[in-house]
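Numbering (my numbering), first residue to last: 1 to 77.
Every residue gets a Cβ at the ideal spot worked out from N, C-alpha and C, and that includes glycine.
Given the structure is predicted, the values throughout are model-derived calculations rather than measurements.
Everything below concerns the one structure shown next.
Here you go:
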(Lines of atoms letter the chains of each structure in order from A and count residues from 1; the text may use other names and numbers.)
(Lines give C-alpha, C1' and ligand atoms only; values in the text may rest on other atoms or scores of the structure.)
Protein backbone atom coordinates (compact mmCIF):
# COMPACT_ATOMS: atom_id res chain seq x y z
CA UNK A 1 0.00 0.00 0.00
CA UNK A 2 1.25 3.48 -0.83
CA UNK A 3 2.44 5.72 1.96
CA UNK A 4 1.49 9.40 2.14
CA UNK A 5 2.77 12.13 4.41
CA UNK A 6 0.40 14.13 6.61
CA UNK A 7 1.20 17.12 8.76
CA UNK A 8 -0.73 17.06 12.05
CA UNK A 9 -0.85 19.29 15.11
CA UNK A 10 -1.38 18.08 18.67
CA UNK A 11 -1.14 19.32 22.22
CA UNK A 12 2.38 19.49 23.56
CA UNK A 13 1.67 17.01 26.35
CA UNK A 14 0.40 14.46 23.84
CA UNK A 15 3.45 14.99 21.64
CA UNK A 16 5.76 14.40 24.61
CA UNK A 17 3.90 11.23 25.55
CA UNK A 18 4.16 10.03 21.95
CA UNK A 19 7.90 10.71 21.96
CA UNK A 20 8.40 8.84 25.25
CA UNK A 21 6.39 5.83 24.12
CA UNK A 22 8.33 5.78 20.86
CA UNK A 23 11.64 5.66 22.73
CA UNK A 24 10.47 3.00 25.20
CA UNK A 25 9.04 0.72 22.50
CA UNK A 26 11.79 1.53 20.00
CA UNK A 27 9.30 2.15 17.20
CA UNK A 28 8.74 5.27 15.18
CA UNK A 29 6.24 7.90 16.21
CA UNK A 30 4.63 7.48 12.80
CA UNK A 31 4.05 3.79 13.45
CA UNK A 32 2.43 4.53 16.82
CA UNK A 33 0.16 7.20 15.34
CA UNK A 34 -0.77 4.96 12.40
CA UNK A 35 -1.70 2.06 14.70
CA UNK A 36 -3.62 4.34 17.07
CA UNK A 37 -5.54 5.92 14.19
CA UNK A 38 -6.32 2.52 12.69
CA UNK A 39 -7.65 1.34 16.07
CA UNK A 40 -9.73 4.50 16.49
CA UNK A 41 -11.19 4.29 12.98
CA UNK A 42 -12.25 0.68 13.63
CA UNK A 43 -13.96 1.90 16.81
CA UNK A 44 -15.73 4.70 14.93
CA UNK A 45 -16.89 2.21 12.26
CA UNK A 46 -18.72 0.37 15.03
CA UNK A 47 -20.39 3.55 16.23
CA UNK A 48 -21.47 4.41 12.67
CA UNK A 49 -22.83 0.89 12.15
CA UNK A 50 -24.90 1.21 15.33
CA UNK A 51 -26.33 4.56 14.19
CA UNK A 52 -27.22 3.18 10.77
CA UNK A 53 -28.80 0.10 12.33
CA UNK A 54 -30.82 2.30 14.68
CA UNK A 55 -31.90 4.48 11.75
CA UNK A 56 -33.08 1.41 9.85
CA UNK A 57 -35.03 0.11 12.87
CA UNK A 58 -36.65 3.52 13.41
CA UNK A 59 -37.56 3.79 9.72
CA UNK A 60 -35.35 6.85 9.19
CA UNK A 61 -33.13 4.94 6.75
CA UNK A 62 -34.72 2.87 4.02
CA UNK A 63 -33.18 -0.36 2.84
CA UNK A 64 -33.78 -1.73 -0.64
CA UNK A 65 -33.61 -5.35 -1.68
CA UNK A 66 -30.25 -6.18 -3.23
CA UNK A 67 -31.70 -7.99 -6.25
CA UNK A 68 -33.75 -4.89 -7.18
CA UNK A 69 -30.69 -2.65 -6.86
CA UNK A 70 -28.55 -5.03 -8.94
CA UNK A 71 -31.26 -5.28 -11.59
CA UNK A 72 -31.58 -1.49 -11.80
CA UNK A 73 -27.80 -1.23 -12.18
CA UNK A 74 -27.78 -3.93 -14.85
CA UNK A 75 -25.77 -6.38 -12.76
CA UNK A 76 -26.51 -10.07 -13.19
CA UNK A 77 -26.13 -12.19 -10.07
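Pick out whichever of the options has its Cα sitting closest to the Cα of residue i.
i, options, result
"residue 3", "41, 66 and 30", "30"
"residue 36", "49, 22 and 47", "22"
Could you give the residue range of the alpha helix (DSSP H) that holds residue i?
i, result
"residue 42", "29-57"
"residue 7", "Where residue 7 is concerned, there is no enclosing alpha helix (DSSP H), given that its DSSP letter is neither H nor E."
Whole angstroms are fine: how far does the CA of residue j sit from the CA of residue i?
i, j, result
"residue 66", "residue 34", "35 angstroms"
"residue 16", "residue 47", "30 angstroms"
"residue 63", "residue 56", "7 angstroms"
"residue 60", "residue 43", "23 angstroms"
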